[in-house]
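The sequence shown begins at 0 in numbering that gives the first Met the number 0 and counts up one residue at a time.
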Amino acid sequence: MPIYEYRHADGFEEPCKQDTLEVFQTMSAPEMSICPNCGRPIQKLISMPARHQQHINNTLNEKNIAEKGFSKYVKTEDGKYEKAAGPAEAPATLDRGTMAENLKHLD
Ligand SMILES: [Zn+2]
Numbered sequence: 000m001p002i003y004e005y006r007h008a009d010g011f012e013e014p015c016k017q018d019t020l021e022v023f024q025t026m027s028a029p030e031m032s033i034c035p036n037c038g039r040p041i042q043k044l045i046s047m048p049a050r051h052q053q054h055i056n057n058t059l060n061e062k063n064i065a066e067k068g069f070s071k072y073v074k075t076e077d078g079k080y081e082k083a084a085g086p087a088e089a090p091a092t093l094d095r096g097t098m099a100e101n102l103k104h105l106d
């Protein structure tokens, strides 16, 4: 669920301690106009999606991917993928033909 940043439009009161607040909201949730903490008017800031994207980039960097046991493959040509990150036991390359062949036994 994305984090949205709001700023008090006209000051804030206890229990709020600062001008800005971060709110978890679904993408489809309506924009809030009243602070859920102190009841003062708030305005949504547009800066948060960029920061959220940065958080995602930091979390899903190649070092973290490998440490968590995931692999990342980058497409090199049609149907061919090269390992960009991941554990040593993960195959260095993948190709569509081999993957289709490997999945057949699951039918
Ligand atoms: Zn508030």
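From the three backbone atoms N, C-alpha and C, an ideal C-beta is built for every residue, glycine too.
At what residues does the beta strand (DSSP E) containing R110 begin and finish?
Lying before the first or after the last residue shown, residue 110 is absent from the chain, which here runs from 0 to 106.
Q. How many Å lie between I2 and G68 at the Cα?
A. Take the alpha-carbon of I2 and the one of G68: they are about 26 Å apart.
Quiz item: Rounded to the nearest angstrom, how far is the Cβ of E61 from that of K74, given a contact under 8 Å?
Solution: Between K74 and E61 the Cβ distance is about 16 Å, and since that is not below 8 Å, they are no contact.
Original post:
Hey, is F23 close to ligand 1, as in C-beta under 6 Å from one of its heavy atoms?
Top reply: no
Measuring from each Cβ to the nearest heavy atom of ligand 1, keep the ones under 5 Å and list them in chain order. F11, C15, C34, N36, C37
Check: Going by the beta-carbon positions, is the gap between K43 and Y80 smaller than 7 Å?
Finding: It is not a contact, given that the beta carbons lie outside the stated cut-off.
message: With DSSP as the reference, identify every bridge partner of F23, one or two as the case may be.
response: I2
Q | Of the listed residues P14, M0, L20, nearest to A8 (C-alpha basis) | A | L20
### Message
Restricting to Cα atoms, I'd like to know which of D77, E30, P35, I55 is closest to E13.
### Response
P35
Task: L93: first and last residue of the uninterrupted beta strand (DSSP E) it sits in - done: It spans 92-94 - the beta strand (DSSP E) in which L93 sits, taken as one unbroken run.
Report task. Given a cut-off of 7 Å, decide if A89 and I64 are closer than it, judged by their beta-carbon atoms. Result -> no
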